[in-house]
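Everything on this sheet refers to the single structure shown next.
2 protein chains.
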Amino acid sequence: MKPLQPSPAPAPETETQEPARDIPTEVKDAGLVAKRRRQIVDAAVQLFIQKGFHKTTTREMAKAAGFSIGTLYEYVASKEDVLYLVCQAIHLEMEQRLKERLKFAGTGAAALSAAIEVFFEVCDQMSDHILLIYQETKSLPKESMRFVLAHEERITAIFADLLGRGVADYSLKPLDRAQIELMAHNIAVLGHMWTFRRWALAPRFTLEQYTELQRSLILGELT
Amino acid sequence: MKPLQPSPAPAPETETQEPARDIPTEVKDAGLVAKRRRQIVDAAVQLFIQKGFHKTTTREMAKAAGFSIGTLYEYVASKEDVLYLVCQAIHLEMEQRLKERLKFAGTGAAALSAAIEVFFEVCDQMSDHILLIYQETKSLPKESMRFVLAHEERITAIFADLLGRGVADYSLKPLDRAQIELMAHNIAVLGHMWTFRRWALAPRFTLEQYTELQRSLILGELT
DNA sequence: ATTGCATGACTGAGCGCTCGCTCACCATAA
DNA sequence: TTATGGTGAGCGAGCGCTCAGTCATGCAAT
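If you read the protein sequences in the order shown, they are chains V and G. Using the numbering used here, the final residue of the first sequence is 227, and nothing's skipped along the way. Using the numbering used here, the final residue of the second sequence is 227, and nothing's skipped along the way.
Structural data, given as structure tokens:
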């Protein structure tokens, strides 16, 4: 198995493009490959959450996925490769869960308010996964890391868009580009904060209380 | 060398107390011990920042500190122990830098505003160190992790105190305990955000711009 | 039907190596 | 001589990864 990670060499013309994923040197049934990779990722996510990337062995991953190390290395080029797959999978799931629940109807302000609620709820559901990203992203090779960060920026952009809409339809007070950008990052990070400050927040607030307080804080500032 | 980490067994009566640090089985010059440990920590911090805890070897640490592995293990019980020392040292330095620059004069609101500026500046100076804490804290044994998190809460408490003062002297609008606590965490995290979202923020904002925007956002909400 | 063979997913012992940690020994100063 | 701080070769556990081999299956020739 050749590595799946984005090849550092050829800069693709369209800027943020998915790296070439498949190397057809060994032809395999694509369906099976996808299935096995999903097994590997599912197993690895749980192990990484429990013990971290570095303390998880390839043997453990293989066993948890339901086959032997040999087979693991039929579908993956290296241990680092699994980490890349895991990070990608987490971001993808995050985005899907958001997209399927986001409502874009109403004023910009209303849509933003709803989006914050949805986002915080998804953060709560996936808090272990978000933590994993925060802790292990830097273990990725540089090039792969850039793709993970790009994903992160896509999520932030959702909020920036809604803020822009709110400004445009006058449901939010006027903001320049910089203020919008910063606010979008603030919202994203405040969602993540619920996961990486759980130890301090969860004893004092329920998710609903936390969401309500933060949302009124954010919107109070913008209207 | 016995481990330096907080012993899990005896819960000290005074709640958040420094764990017993010294085991006098082998008597050594305390001054030398402190000096060597400082060498070890200084070397380790740089290495951990560069390559992370797991990818740094004990041999590298010893060499960077200026002596051999044998000597390293005269002053430290294990590799994990070094990580604990490093985390402690970072928090200590953080607290010192804050304390020596914080001004408590004026209204609560004014003091808070100044504190935010100082805090953000310290975060900027120590961004690599803060990142290190975010990424490696979970590699600590459970008990040691609690002490690191307690440190974190002490810093948050600084902001909570100032917020409380501002409410008391009417320089801030009325807030209940929960709102104060939450706001304190927000401030702390927004400072950290400057370090762990550098990749997105630094290209668009200088530290001064970032501080100014966030500070007016925070204080705007509170007055 | 039976046989022989090619295919490819899968296995796991084991290779080569690195790591954390130890300990028998050394150097120097009192 | 004794005490103390320092050394670094070496131990052995455990790691990521490989590869010679097994087995089930499908197909073609007998």
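Beta carbons are placed, not taken as given, at the ideal position from N, Cα and C, and that holds for glycine. Since the structure is predicted, the reported quantities are computational estimates derived from the model, not experimental observations.
How is the alpha helix (DSSP H) around residue i delimited, first residue to last?
i: Lys-196 (chain G); result: In the sequence as displayed, the identity of residue 196 (chain G) is His instead of Lys. Note, His-196 (chain G): alpha helix (DSSP H), 181–200.
i: His-155 (chain G); result: 146–172
i: Val-49 (chain V); result: 34–55
i: Ser-117 (chain V); result: 112–129
i: Val-86 (chain G); result: 83–105
i: Ser-220 (chain V); result: 211–226
i: Thr-62 (chain G); result: 62–69
i: Leu-76 (chain G); result: 73–79
With a cut-off of 8 Å on the beta carbons, I'd call residue i and residue j a contact; round off their distance for me.
i: Val-193 (chain V); j: Arg-201 (chain G); result: 7 Å
i: Ile-73 (chain V); j: Thr-62 (chain V); result: 6 Å
i: Thr-199 (chain V); j: Ser-131 (chain V); result: 4 Å
Take residue i as the anchor and find which of the options has the nearest alpha-carbon.
i: Ala-204 (chain G); options: V:Gln-218, V:Leu-186 and V:Ala-93; result: V:Leu-186
i: Phe-124 (chain G); options: G:Leu-223, G:Ile-222, G:Gly-35 and G:Leu-211; result: G:Leu-211
i: Ile-120 (chain V); options: V:Gly-110, V:Leu-136, V:Asp-132 and V:Leu-102; result: V:Leu-102
i: Gln-100 (chain V); options: V:Gly-112, V:Lys-146 and V:Val-126; result: V:Val-126
i: Leu-153 (chain G); options: G:Leu-179, G:Leu-116, G:Ile-94 and G:Gly-112; result: G:Ile-94
i: Ile-162 (chain G); options: G:Thr-60, G:Arg-40, G:Ala-118 and G:Gly-74; result: G:Ala-118
i: Gln-218 (chain G); options: G:Ala-206, G:Lys-55, G:Arg-105 and G:Ile-191; result: G:Ile-191
i: Met-149 (chain G); options: G:Gln-92, G:Asp-128, G:Leu-36 and G:Gln-129; result: G:Gln-92
i: Arg-158 (chain V); options: V:Leu-223, V:Met-98 and V:Leu-179; result: V:Met-98
i: Leu-179 (chain V); options: V:Ile-137, V:Leu-223 and V:Tyr-138; result: V:Leu-223
i: Lys-83 (chain V); options: V:Glu-104, V:Arg-105, V:Lys-67 and V:Thr-60; result: V:Thr-60
i: Asp-173 (chain V); options: V:Ala-109, V:Thr-215 and V:Leu-96; result: V:Ala-109
i: Tyr-214 (chain G); options: G:Asp-85, G:Pro-145, G:Phe-151 and G:Val-122; result: G:Val-122
i: Val-49 (chain G); options: G:Ile-137, G:Val-37 and G:Asp-128; result: G:Ile-137
i: Pro-2 (chain G); options: V:Lys-55, V:Val-37, V:Arg-42 and V:Glu-64; result: Only positions 5 to 227 of chain G appear in the structure, and residue 2 (chain G) is not among them; the question remains open.
i: Asp-128 (chain V); options: V:Ala-206, V:Arg-42, V:Leu-36 and V:Arg-40; result: V:Ala-206
i: Leu-36 (chain V); options: V:Glu-104, V:Arg-105 and V:Glu-78; result: V:Glu-78
i: Leu-96 (chain V); options: V:Glu-216, V:Arg-42, V:Ser-175 and V:Lys-67; result: V:Arg-42
i: Glu-147 (chain G); options: G:Met-65, G:Arg-40, G:Asp-85 and G:Ala-66; result: G:Asp-85
If you check the beta carbons only, do residue i and residue j fall under 8 Å apart?
i: Ile-184 (chain G); j: Ala-164 (chain G); result: yes
i: Leu-167 (chain V); j: Ala-182 (chain V); result: no
i: Val-90 (chain G); j: Phe-52 (chain G); result: yes
i: Leu-76 (chain V); j: Glu-140 (chain V); result: no
i: Phe-57 (chain G); j: Ser-143 (chain G); result: yes
i: Glu-156 (chain V); j: Leu-221 (chain G); result: no
i: Ala-115 (chain G); j: Lys-107 (chain G); result: yes
i: Thr-111 (chain V); j: Gly-170 (chain V); result: yes
i: Ala-47 (chain V); j: Ala-69 (chain V); result: yes
- Identify each residue in the segment 212–226 of chain G for which the Cβ-Cβ distance to at least one residue of chain V is less than 8 Å, and report them in chain order. Gln-213, Tyr-214, Leu-217, Gln-218, Leu-221, Gly-224 and Glu-225
- According to a CB-to-CB cut-off of less than 9 Å, which residues of the segment 164–178 of chain V neighbour chain G? none
- Query: Any residues in the segment 131–150 of chain G with a beta carbon nearer than 7 Å to a beta carbon of chain V? Which ones, in chain order?
  - Reply: Tyr-138, Gln-139, Lys-142 and Ser-143
- Query: At a Cβ cut of 9 Å, what residues of the segment 184–212 of chain V count as close to chain G, listed as they run along the chain?
  - Reply: Glu-185, Leu-186, Met-187, His-189, Asn-190, Ala-192, Val-193, Leu-194, His-196, Met-197, Phe-200, Arg-201, Trp-203, Ala-204, Leu-205, Arg-208 and Phe-209
- Message: Short of 7 Å Cβ to Cβ, which residues in the segment 34–67 of chain G face chain V?
- Response: Gly-56 and His-58
- Could you please tell me which residues of the segment 76–87 of chain G, in chain order, have their CB closer than 9 Å to any CB of chain V? none
- Message: At a CB distance below 8 Å, what residues from the segment 94–125 of chain V approach chain G? Give them in sequence order.
- Response: none
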